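To keep things clear, I will list the structure first and then write my remarks on it.
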Amino acid sequence: MPMKIVPGWNIEIWEFPETRGEDVVNIVTIIGRAIGVENINEGDIQVAHRVDLMNKDRGGKHRPIIVHMGSRYIRNKWLQKYRDFRRAKSSGKLSAKDISNSLPDSAVYLNEHITVKRKLLLKEAKTFAREKNIKFVWVKDGFILMKKNENDHRVQKISTADELEKYKRNF
C-alpha cells in the first residue's frame with residue numbers, strides 16, 4: 001500500500017546549495033543535527049526531495065527541498081529547533097556554513113510547507129502588513145497569523161482571501 005503524503009507534515013528548506021548526485025535525505029539529517037534536533041529516528045524523515053520552481057525567474061536560486069516528516073509533532077519539533085537556533089545566533093540566521101564548512105555563508109530557511117493558494121494569500125498578507133506597519137506575519141499549522149507588534153495580544157488568524165479582506169477593511 002503506498003504511503004499517504006499528508007501536507008500538514010511537510011517542511012520546506014529554501015536556499016540550501018544544490019549539488020549533482022546529492023543524497024537529499026542525508027542533507028536533511030545533517031541540517032537537523034545542525035539546528036539541534038537530537039535523536040533523529042528512522043521514519044522521522046519519510047521522504048525528502050528537490051522540487052522544481054513554478055516561477056523560474058528567481059534567478060540562480062537553488063531548488064527547494066520538500067521534506068515529509070513522520071508526523072506533525074516531528075515537523076513542529078524541527079521548526080521550533082530552527083527558530084531556537086536562529087534566536088541564539090547573533091546573525092539571526094541559519095547559514096549553509098553552519099551545516100558544512102565547505103558551503104558558502106548563505107542563508108538557509110526552513111518553513112512549514114503550505115499550498116500554492118495559501119502561499120499567494122501569505123504574500124498578500126505580508127504586502128498589507130508592510131503597508132500598515134504590522135510587524136508579525138507567520139504561518140502555524142497552515143493558518144496565516146498576524147500581530148501588529150510585540151505589545152498587541154491579539155493575533156489575527158487568516159485562512160481565506162475573504163478573511164484577509166475583512167481584516168483589511170476593519171484595520
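Note that the sequence shown covers residues 1 to 171 in UniProt numbering.
All residues carry an ideal CB built from backbone N, CA and C; glycine is no exception.
Fair warning: this is a prediction, and the values are worked out from it, not measured in the lab.
- Message: Within 8 Å, do at least three Cβ pairs link the stretch 15 to 35 to the stretch 118 to 133?
- Response: Not touching, per the Cβ criterion.
Review point. What whole-angstrom Cβ distance do Phe136 and His62 have, given they're in contact under 8 Å?
Key: Taking a contact as a CB-CB distance under 8 Å, the pair Phe136 and His62 does not count as one, their CB atoms being some 27 Å apart.
- Query: Below 8 Å between beta carbons: does that hold for Ile158 and Lys148?
  - Reply: No. Outside cutoff.
**Message:** Considering only their Cβ atoms, is the gap separating Arg75 from Ile11 smaller than 8 Å?
**Reply:** For Ile11 and Arg75, yes; Cβs fall inside 8 Å.
> Sorted by chain position, which residues of the same chain lie with C-beta nearer than 6 Å to Asp141's C-beta, five sequence neighbours on each side aside?
Replying inline: Within the same chain, and ignoring the five residues on either side of Asp141 in sequence, no residue has its Cβ closer than 6 Å to its Cβ.
Short Cβ contact (8 Å threshold) for Met69 with Trp9
Taking 8 Å as the Cβ cut-off, Met69 and Trp9 qualify as a contacting pair.
Can you grab the Cα-Cα spacing for the pair Tyr73 / Asn101, in whole Å? The alpha-carbon atoms of Tyr73 and Asn101 are separated by roughly 30 Å.
For Ile144, the nearest candidate out of Val37, Ser71, Glu18 and Glu163 (CA to CA):
Taking each of Val37, Ser71, Glu18 and Glu163 in turn and checking the Cα distance to Ile144, the smallest one comes out for Glu163.
(request) List the endpoints of the continuous beta strand (DSSP E) containing Glu42. (result) Boundaries cannot be given for Glu42, as no beta strand (DSSP E) includes it and DSSP labels it neither H nor E.
ask   = Looking at the unbroken alpha helix (DSSP H) that takes in Lys157, where does it start and where does it end?
value = Counted as a single uninterrupted DSSP element, the stretch harbouring Lys157 is not any alpha helix (DSSP H) but the beta strand (DSSP E) occupying residues Gln156 to Ile158.
On the three-state DSSP scale, how would you describe Arg50? The DSSP-derived three-state label of Arg50 is strand.
Is Lys147 helix, strand or coil by DSSP?
Residue state, collapsed to three classes: strand.
* Asked: Is Ile65 helix, strand or coil by DSSP?
  -> DSSP places Ile65 within a strand segment (E or B) once states are collapsed to three.
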